[in-house]
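Before any comments, here is the structure.
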Amino acid sequence: MRKFFARIAGTVLIGVLYLLLPLLPLLATVIFARLRFTTRYLSTLKKMRVHIAALSQGPAVHFFQDILGQVSQVPDDIQGECVQCGNCCMNHQCVFLEKVDEKKFQCGVYHSLFRKLSNCGSFPINRHDIERYACPSYFAQAPQASAISRPQRVIPIEMVKG
Ligand code: SF4
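Counting along the sequence shown from 1, when you hit position 103 you're at 166 in the working numbering, and nothing is skipped either side.
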């Protein structure tokens, strides 16, 4: 039943985002306190369209089905350190992703509460999460091994003001 409602909620969210599309750069400026989303309106708009299309390919439903009200951080049986490849940022289609160099990316809204509450805040939540984005650094620990204390998770993607 949760899966059914997640599909409905995901579809509604995508529809609302498309309806609000012309306003999204402005909303992003207000929500994330970053003027560049508005000063680079057309560029942001194009990236928003790509972002929403990517959200509609699974992440929106995944949010309502697996994340919302259930998970807010990476589970204890997941270990590793992020190398900032950007794969989990919807395969580099996230509008907030910023390129650092050829192989390294960072999140432009990393410290936002909205990011922490989204799929990003608890990625990866399981082996499937790791595999679907081909994450090169995190791995799911065997159940008995996960009982042993683990080092603090390294922040995956750091923000640079721009
Ligand atoms: S969590 Fe994994 S997939 Fe995501 S940016 Fe870091 S290394 Fe890449």
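From the three backbone atoms N, C-alpha and C, an ideal C-beta is built for every residue, glycine too.
Here DSSP, grouped into helix, strand and coil, assigns GLN142 to strand. In this model, PRO85 and ASP140 are separated by some 41 Å (Cα to Cα).
Counting C-beta pairs with one atom in each stretch, the segment 142-155 and the segment 197-204 have three or more that are closer than 8 Å, which means they touch.
Collapsing the DSSP output to three states places PHE202 in a strand. Look at PHE186: its beta carbon is less than 7 Å from one of the heavy atoms in the ligand SF4.
Take TYR81, set aside five residues on each side of it, and the residues of its chain with a beta-carbon closer than 7 Å to its own are ILE115, in chain order. DSSP, reduced to helix, strand and coil, places CYS170 within a strand of the structure shown.
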